[in-house]
Amino acid sequence: MVGRYLFPLPSDEELEDLEEKINYRFNDRALLREALQASAAWNKDGNKTLALVGDKVLDLVIVISGRTKNKPREEIFEMIKQRAGNAYLSKQGFDLGIDKFIVKNPSQTFVGDNVMAATMEAIVGAVYIDCNGQIAPCADVMTALGLSWPE
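FYI, in this note's numbering the residues of the sequence shown are 80 to 230.
Pasting the structure below:
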């Protein structure tokens with residue numbers, strides 16, 4: 080049980096709670112587990128690769144939504160800065176309690192803003208990969224996370 084103490088992984092029940100919170104059920108829960116892994120010496124990239132995917136998906140969904148709403152390019156860029164910026168991603172993650180699901184490295188006593196922002200991006204990236212690149216499920220998850228274009 081030492082490993083469980085040092086690297087506590089969310090249980091299946093906890094993952095189900097998170098899936099309910101984000102309004103998406105994973106076909107491959109390994110993607111969700113990866114999205115919740117903070118980088119560490121033993122896992123250098125952690126969720127960073129999924130976060131790269133999620134970062135681009137966030138931008139894409141916001142651009143498509145802005146275009147659908149006939150918003151000017153400048154307003155779309157502003158919305159990307161607002162909704163996909165690290166400060167907002169972090170705030171939303173903490174407000175939703177996502178921090179309790181993140182697997183920290185043993186030297187971390189708390190989840191920092193950058194770790195939270197990367198995790199939020201990684202969750203969106205994991206959904207994108209899990210649903211085979213469909214945008215609609217990603218947009219639904221972004222809405223559940225409070226990251227989509229405001230109505």
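Backbone N, C-alpha and C fix where the C-beta goes; we use that ideal spot for every residue, glycine too.
- The three-state secondary structure of Q213, taken from DSSP, is coil.
- Ranked by how close their Cα comes to the Cα of L137, the residues N126, E153 and Q161 have Q161 in first place.
- For the set T198, E230 and K150, the Cα lying nearest the Cα of A163 is the one of T198.
- Counting only runs of at least 4 residues, the segment 161–207 fully encloses the following alpha helix (DSSP H) elements, listed from N- to C-terminal order: 165–175.
- Comparing alpha carbon positions, the residue from A196, M158 and C210 closest to L139 is M158.
- Nearest to R104 by C-alpha distance, out of Y207, S169, T128 and S227, is Y207.
- Looking from the CA of I181, the closest CA among A117, R108 and S90 belongs to A117.
- By the neighbour-count criterion, in which 16 or more other beta carbons inside 10 Å mark a residue as buried, E200 falls on the buried side.
- Around Q171, the same chain offers M199, L224, G225 and L226 as residues with beta carbons nearer than 7 Å, after the five sequence neighbours per side are excluded.
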